[in-house]
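Engineer: Have a look at this one.
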Amino acid sequence: MSAMTIAQAAELVWDLIQTLEDAYWEASHCDDKDRVFNLMQLLNAEYMELLKISVQDHHYEYEVITTSQAALLQVVSDYLRVEAGRPRRHRTTARLNAQLNKLTAHLAAGHQ
7 MSAMTIAQAA ELVWDLIQTL EDAYWEASHC DDKDRVFNLM QLLNAEYMEL
57 LKISVQDHHY EYEVITTSQA ALLQVVSDYL RVEAGRPRRH RTTARLNAQL
107 NKLTAHLAAG HQ
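Convert by adding 6 to the 1-based position in the sequence shown; the result is the number in the working numbering.
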């Protein structure tokens with residue numbers, strides 16, 4: 007797997023935040039909303055840091071900024087495990103799974 011650039015990471019994190027917003031409004035229980043919100047907060051902080059990086063540096067390999075790569079991988083993995091069986095609109099589920107799996111694959115490859 008080729009390394010994810012900062013530009014690709016910023017796009018993925020932004021898309022993931024947008025999809026998580028849909029998942030938040032589709033969640034039917036407060037616990038589900040809390041899990042989505044917690045992940046959104048973590049990704050929002052990461053996205054805000056990515057926005058501070060100069061456009062000239064967007065071709066460099068992406069590394070997690072706001073927390074450790076292992077911690078982000080754990081949070082995303084836990085979210086996937088708990089939320090896997092939750093009912094959602096098919097469109098949201100497909101987008102969320104694809105984006106989270108892409109992020110997880112990158113984090114897992116960089117964590118080894």
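Note that the Cβ used here is the ideal one computed from N, Cα and C, for glycine as well. Just so we're clear, the structure is a prediction, and the values are computed from it rather than from any experiment.
Give the straight-line distance between the Cα atoms of His-112 and His-35, rounded to the nearest whole angstrom.
Structural biologist: The residue you call residue 112 lines up with position 106 of the sequence shown. The residue you call residue 35 lines up with position 29 of the sequence shown. Cα to Cα, the separation comes out at about 30 Å.
Engineer: In terms of alpha-carbon separation, which member of Ala-115, Arg-97, Arg-101, Ala-114 lies closest to Trp-20?
Structural biologist: Counted from its first residue, the sequence shown places residue 20 at position 14. Selected option, being the one with the closest Cα: Arg-101.
Engineer: Less than 8 Å between the CB atoms is what I'm expecting for Val-70 and Glu-52, so what's the real figure, rounded?
Structural biologist: For this step, residue 70 is matched to residue 64 along the sequence shown. For this step, residue 52 is matched to residue 46 along the sequence shown. That pair is a contact at about 7 Å.
Engineer: How long is the line joining the alpha carbons of Leu-5 and Ala-114, rounded to whole angstroms?
Structural biologist: Residue coverage of the chain in this structure runs from 7 to 118, which leaves residue 5 outside it and unanswerable.
Engineer: For Thr-11, which three-state DSSP category applies?
Structural biologist: Position 5 of the sequence shown holds residue 11. Strand.
Engineer: Would you call the segment 39-46 and the segment 84-91 touching, i.e. three or more CB-CB distances under 8 Å?
Structural biologist: Because the criterion of three Cβ pairs below 8 Å is met, the segment 39-46 and the segment 84-91 touch.
Engineer: Okay, do the segment 21-28 and the segment 57-69 touch, 3+ Cβ pairs below 8 Å being the bar?
Structural biologist: Verdict: no, contact absent.
Engineer: Kindly give me the distance between the Cβ atoms of Thr-25 and Leu-48, rounded to whole angstroms, as I take these residues to be in contact under 8 Å.
Structural biologist: Position 19 of the sequence shown holds residue 25. Position 42 of the sequence shown holds residue 48. No, Thr-25 and Leu-48 are not in contact; Cβ-Cβ is about 14 Å, not under 8 Å.
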